[in-house]
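Visitor:
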Amino acid sequence: MLMGFKRLFALLTISACVPAAFAQEASQEAAEEVQRWGVNMTQGVTEVSRTTYDLHMLIFWICVAIGVVVFGVMFYSMWRHRKSKGYKAAQFHESLGVELAWTIVPTLILIGMAIPATKTLYDIYDTKEADLDIMITGYQWKWKYDYLGSDVSFFSNLSTPQSQIQNQQPKSANYLLEVDEPLVVPVNKKIRFLITANDVIHAWWVPDLAVKKDAIPGFVNESWTRIDEPGIYRGQCAELCGKDHGFMPIVVKAVPEDEYHSWLSDRAAAAARIKELTNKTFTFDELYARGEKIYNSACVACHQANGQGIPGTFPAIAGSKVATGPMDGHMSMVVNGSPSNPAMQAFGAQLSEVDLAAVITYQRSAFGNNMGDTVQPIDILNFKNK
Amino acid sequence: MAHGPKPGFTRWLYTTNHKDIGSMYLWFSFAMFLLGGCMALVIRAELFQPGLQIVQPDFFNQMTTMHGLIMVFGAVMPAFVGLANWMVPMMIGAPDMALPRMNNWSFWILPFAFAMLASTLFMEGGAPNFGWTFYAPLSTEYAPPSVTFFIFAIHIMGASSIMGAINIVATILNMRAPGMTLMKMPLFVWTWLITAYLLIAVMPVLAGVVTMMLMDIHFGTSFFSAAGGGDPVLFQHVFWFFGHPEVYIMILPAFGIVSAIIPTFARKPLFGYSSMVYATASIAFLSFIVWAHHMFTVGMPIAGELFFMYATMLIAVPTGVKVFNWVTTMFRGSMTFETPMLFSIAFVILFTLGGFSGLMLAIAPADFQYHDTYFVVAHFHYVLVPGAIFSITAGVYYWLPKWTGNMYNETMGKVHFWMAFVGLNVTFFPMHFVGLAGMPRRIPDYALQFADFNQIASVGAFLFGAAQIVFLFNVIRTVKGGKKATDEVWENPEGLEWSVPSPAPYHTFSTPPVVR
Chain A
848 MLMGFKRLFA LLTISACVPA AFAQEASQEA AEEVQRWGVN MTQGVTEVSR TTYDLHMLIF
908 WICVAIGVVV FGVMFYSMWR HRKSKGYKAA QFHESLGVEL AWTIVPTLIL IGMAIPATKT
968 LYDIYDTKEA DLDIMITGYQ WKWKYDYLGS DVSFFSNLST PQSQIQNQQP KSANYLLEVD
1028 EPLVVPVNKK IRFLITANDV IHAWWVPDLA VKKDAIPGFV NESWTRIDEP GIYRGQCAEL
1088 CGKDHGFMPI VVKAVPEDEY HSWLSDRAAA AARIKELTNK TFTFDELYAR GEKIYNSACV
1148 ACHQANGQGI PGTFPAIAGS KVATGPMDGH MSMVVNGSPS NPAMQAFGAQ LSEVDLAAVI
1208 TYQRSAFGNN MGDTVQPIDI LNFKNK
Chain B
358 MAHGPKPGFT RWLYTTNHKD IGSMYLWFSF AMFLLGGCMA LVIRAELFQP GLQIVQPDFF
418 NQMTTMHGLI MVFGAVMPAF VGLANWMVPM MIGAPDMALP RMNNWSFWIL PFAFAMLAST
478 LFMEGGAPNF GWTFYAPLST EYAPPSVTFF IFAIHIMGAS SIMGAINIVA TILNMRAPGM
538 TLMKMPLFVW TWLITAYLLI AVMPVLAGVV TMMLMDIHFG TSFFSAAGGG DPVLFQHVFW
598 FFGHPEVYIM ILPAFGIVSA IIPTFARKPL FGYSSMVYAT ASIAFLSFIV WAHHMFTVGM
658 PIAGELFFMY ATMLIAVPTG VKVFNWVTTM FRGSMTFETP MLFSIAFVIL FTLGGFSGLM
718 LAIAPADFQY HDTYFVVAHF HYVLVPGAIF SITAGVYYWL PKWTGNMYNE TMGKVHFWMA
778 FVGLNVTFFP MHFVGLAGMP RRIPDYALQF ADFNQIASVG AFLFGAAQIV FLFNVIRTVK
838 GGKKATDEVW ENPEGLEWSV PSPAPYHTFS TPPVVR
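Taken in order, these protein sequences are the chains called A and B. Sequential numbering from 848 applies to the first sequence in our numbering. Sequential numbering from 358 applies to the second sequence in our numbering.
1) Between the alpha carbons of residue 861(A) and residue 812(B), how many angstroms are there, rounded?
2) Does any C-beta atom of chain A lie closer than 8 Å to the C-beta of residue 411(B)?
3) When DSSP labels each residue in this structure, what does residue 1009(A) get in the three-state scheme?
4) Comparing C-alpha positions only, which one of 960(A), 904(A) and 1003(A) sits nearest to residue 1145(A)?
5) Should residue 638(B) be flagged as near chain A, meaning a C-beta pair shorter than 8 Å?
6) Am I right that residue 953(A) and residue 677(B) are in contact with their C-beta atoms under 8 Å? What's the rounded C-beta distance?
7) Answer yes if the region 788-796 of chain B comes into contact with the region 731-750 of chain B, meaning at least three C-beta pairs across the two stretches below 8 Å, and no otherwise.
8) Give a yes or no on whether the minimum CB-CB distance between residue 811(B) and chain A is below 8 Å.
9) Check the C-beta distance from residue 434(B) over to residue 396(B) and give it rounded, since I have them as a contact under 8 Å.
10) Output the distance between the C-alpha atoms of residue 552(B) and residue 1197(A), rounded to the nearest integer angstrom.
11) I'd like to know whether the C-beta of residue 619(B) is nearer than 8 Å to at least one C-beta of chain A.
12) Taking the alpha carbon of residue 765(B) as the reference point, which residue from 554(B), 833(B) and 703(B) has its own alpha carbon closest?
13) Mark residue 499(B) as exposed unless 16 or more other C-beta atoms lie within 10 angstroms of its C-beta, in which case mark it buried.
14) Within 8 Å of any Cβ in chain A, is that where the Cβ of residue 650(B) sits?
15) In terms of alpha-carbon separation, which member of 424(B), 381(B), 768(B) and 683(B) lies closest to residue 399(B)?
16) Do you know how far the Cα of residue 758(B) is from the Cα of residue 838(B)?
17) Going by DSSP in three states, residue 1109(A) sits in which element: helix, strand or coil?
18) Compare the C-alpha of residue 683(B) against each of 627(B), 665(B) and 643(B) and name the closest.
19) Which residues in the same chain as residue 562(B) place their Cβ atom closer than 8 Å to its Cβ, once the five residues preceding and following it in sequence are excluded?
20) In the structure shown, what three-state DSSP assignment does residue 610(B) receive?
21) Run the CB neighbour count on residue 1030(A), radius 10 Å, all protein chains shown included, and call it buried at 16 or more, exposed below.
22) Could you tell me how far apart the beta carbons of residue 409(B) and residue 1015(A) are, in whole angstroms, since I believe they sit closer than 8 Å?
23) Looking at residue 886(A): is its Cβ nearer than 8 Å to the Cβ of residue 793(B)?
24) At what residues does the beta strand (DSSP E) containing residue 994(A) begin and finish?
25) Ignore the nearest five residues each way along the sequence and tell me which others in residue 852(A)'s own chain have a CB closer than 8 Å to its CB.
26) When the Cβ atoms of the region 954-961 of chain A are set against those of the region 660-671 of chain B, are three or more pairs found closer than 8 Å?
27) Does the region 525-540 of chain B come close enough to the region 583-592 of chain B to have 3 or more Cβ pairs within less than 8 Å?
28) In the DSSP assignment, find the unbroken beta strand (DSSP E) run with residue 1068(A) in it and report its ends.
29) With distances taken between CB atoms, is the gap from residue 859(B) to residue 835(B) smaller than 8 Å?
30) Residues of the region 1060-1078 of chain A with a CB closer than 8 Å to any CB of chain B: list them in chain order, please.
31) From the DSSP output, read off the bridge partner residues of residue 1059(A).
32) To the nearest angstrom, how far is the alpha carbon of residue 701(B) from that of residue 1187(A)?
33) Give the range of the beta strand (DSSP E) segment to which residue 1015(A) is assigned.
34) Using a Cβ cut-off of 8 Å, which residues of the region 719-745 of chain B contact any Cβ in chain A, in chain order?
35) State the start and end residues of the unbroken alpha helix (DSSP H) segment that holds residue 758(B).
36) So residue 981(A) is in the beta strand (DSSP E); what residue range does that whole segment cover?
See below:
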């Protein structure tokens, strides 16, 4: 029994100290090693995350103190005031003074908690004078990042392969917490996030930054952060948003400012190159191969790896009327979405013309559809402009 | 036998007797508890290790949704109504409930509501998969077709709850024995009177929100669709205006039950009866003005955030008063630890732990980190499982000898208690850790760092489930026979219910008892 208490106490102490010890080492490229048995909130890498952590620990210890007193009295009575020990019951059952005391004292303790909480809240709400604005849009089930004031804008998808999720392959260290394109931000700059959603409600949450805000269609919420240390910080969607709610990670890569600027211009140049490709004519094989990749990041969540969809919710692509019918109908479905089913998103704005052409070509010949026809990026562009 | 029950099936179908209806509510609730529990075990089995093993994500979401709905509306609420049906008339010296035919009706529509809800599992597209809070637009524009059946099921459950509540209010206010003033009523009666008002106030709000959903889905309105000029956050405000008082509907009667049990086994009167009544009323009042603390992250203005934070923190005061009163009742008592007392003591300890995490959640800036993580799951299960389920179990053990005339098996009762107590803590305590470490709730699969605690939690869940089989077996044995119980059953308990024979006669008080 004594050992048990020792362990518990050790656990409680560790819970307070461990994150502090790790915070220094954990910053750069760290999380390769899985940190098991984590029992407490992270202290994070921002001013707000640290004040939030302190607030959390303050309230925790106040609760522990109250618990020790209340349960102490209770266990004392259970030990001493037992019938089996021959203890005779007292008969008192009222005391105005005592009852007033345990109304007033807790009220004072609550005021003591409310003061630091109010201060922190004002700090969190102060989104003024940001150095950089990033628009975050939640989609089922991916995040879109727009760097306002630049041409850079991209989607960030889960990059953990299905084979790991289905247990056919060992799981990597960042299982379910890795994406194809992380959000890259500079350190020591005040970054304002403008958060919204395209379909249902999501929530953008990165514990190390202590930012969690709902992404709501039709609303733009605000939040902000200023990251102290370069590093990779991981989070997840925190609002039930449909079947792939658990597969919607967030990765933020904080880099020094000059590195950020060179990344941003590289990214803009890459976007321009993709645009140029719109005029190129591709072969069937090129489109098919590219399309397979796009399918596995953009379509697989709903239509499944085998193209069978989920009966009653997401239609199959294998043998479907759309994928084996006229090209215009297929393009319209992928570019504009489904007029009758909101779950089918309009991919026209999400993917480039090249990627749209590739994925449509792929869908028409994969899963036994065997149409063997192609659509070129320029056809997509013409369709969009029609 | 002139006033006895009719033999056969029609006794149960046509009965207007509060005891029959109370028993049916309790059995129905236990069946739902097992069904909802099996769904929880599907969830825990899937979460035993990372990766998808047993169910696909969409079915996982159906299980979390149905588990929540069935436990709230099918297990906890009907169990409390069942206890009220059995005990309120006996405690206030009434011959029956005030509106017996409505009582029959309010019970019998429930099995139909839940049959309709359960049938959605077999429909194309599956059962509701949007969480028990069914936030729009996930539950409107993106829902499976079965959502319409879900809406009708909710309407029927709501109608049942309102009828039950009206019946309880009418009974308590009109049928008390001569001399039983309001401030002489047992606390269970008091807490149910207040709960009934909460029900009457908020069930129409729930009906309203599901009707708005129905309009959005089938009749082209846009209450919750931003594209049509509506507001998805409106859904949350309306839902939680119902939902927050609802959590007190599931806890206030529990306060009444343990306030009856602890004095009996401490052999000492309840400390601070009147402050208990005032605390209950204060909690009920506060429950109406704190709903948006479930929505701290939706982006409210700071003034709203502060108001809801302060108001929520205030609830700790009356709740604290209740806990201190129970502890003081035990202090310098002469305690014994029969099964009902064990469950009641566990209630006080674990409910207080749930209260502590609730206080932490009330602090808005910290809540940004806790919100929608397993920390919240741990919190509300620490409140609801010991709070509602343990107190109901305690009440069943406490009054079972009065209902059946037979003593339950104490050893089996204790085995049930310890299995349930250990199972509960092993299941839900580690959830605090994974929540703080960053595991969101309602995910079918998780990152590797959460694997160890999830494995422990899953083992605990199966232990907790197994404990309920012991309970079922013990209750069936007691109903069938066993050691005869005396009229008082326990050593000098307080209340009119102990002044009648065990088992209590089919019609309890043909002439009203006089209360001094």
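Even for Gly, the Cβ is constructed at its ideal location relative to N, Cα and C.
Guide: This is what the structure gives:
1) For residue 861(A), the pLDDT reaches just 43, beneath the cut-off of 50, and the residue's location in the model is therefore unreliable, although a value from the coordinates is still provided. Going from the Cα of residue 861(A) to the Cα of residue 812(B) covers about 21 Å.
2) no
3) helix
4) 1003(A)
5) So, not an interface residue.
6) 5 Å
7) yes
8) In terms of beta-carbon proximity, residue 811(B) stays away from the interface with chain A, with every pair separated by 8 Å or more.
9) Rounded to whole angstroms, the Cβ separation of residue 434(B) and residue 396(B) is 17 Å, and the two are not in contact under 8 Å.
10) Straight through space, the alpha carbons of residue 1197(A) and residue 552(B) are spaced by roughly 51 Å.
11) no
12) 833(B)
13) buried
14) no
15) 424(B)
16) 10 Å
17) Residue 1109(A) falls in the helix class under three-state DSSP.
18) 627(B)
19) Taken in chain order, the residues that qualify are 595, 598 and 599.
20) helix
21) buried
22) Rounded, the Cβ-Cβ distance is 11 Å, inconsistent with contact.
23) yes
24) 989-994
25) Caution is warranted here: a pLDDT of 45 is assigned to residue 852(A), below 50, making its placement in the model unreliable, and the coordinate value is therefore given only provisionally. The answer is none, since no qualifying residue turns up.
26) By the Cβ test, the region 954-961 of chain A is in contact with the region 660-671 of chain B, since at least three Cβ pairs between them sit closer than 8 Å.
27) No contact exists between the region 525-540 of chain B and the region 583-592 of chain B.
28) 1068-1072
29) no
30) 1060, 1061, 1063, 1064, 1065, 1066, 1068 and 1069
31) Answer is 1052(A).
32) 54 Å
33) No beta strand (DSSP E) contains residue 1015(A), which DSSP labels as neither H nor E.
34) 720, 721, 722, 723, 725, 726, 728, 729 and 730
35) From DSSP, the alpha helix (DSSP H) with residue 758(B) extends over 748-761.
36) 979-986
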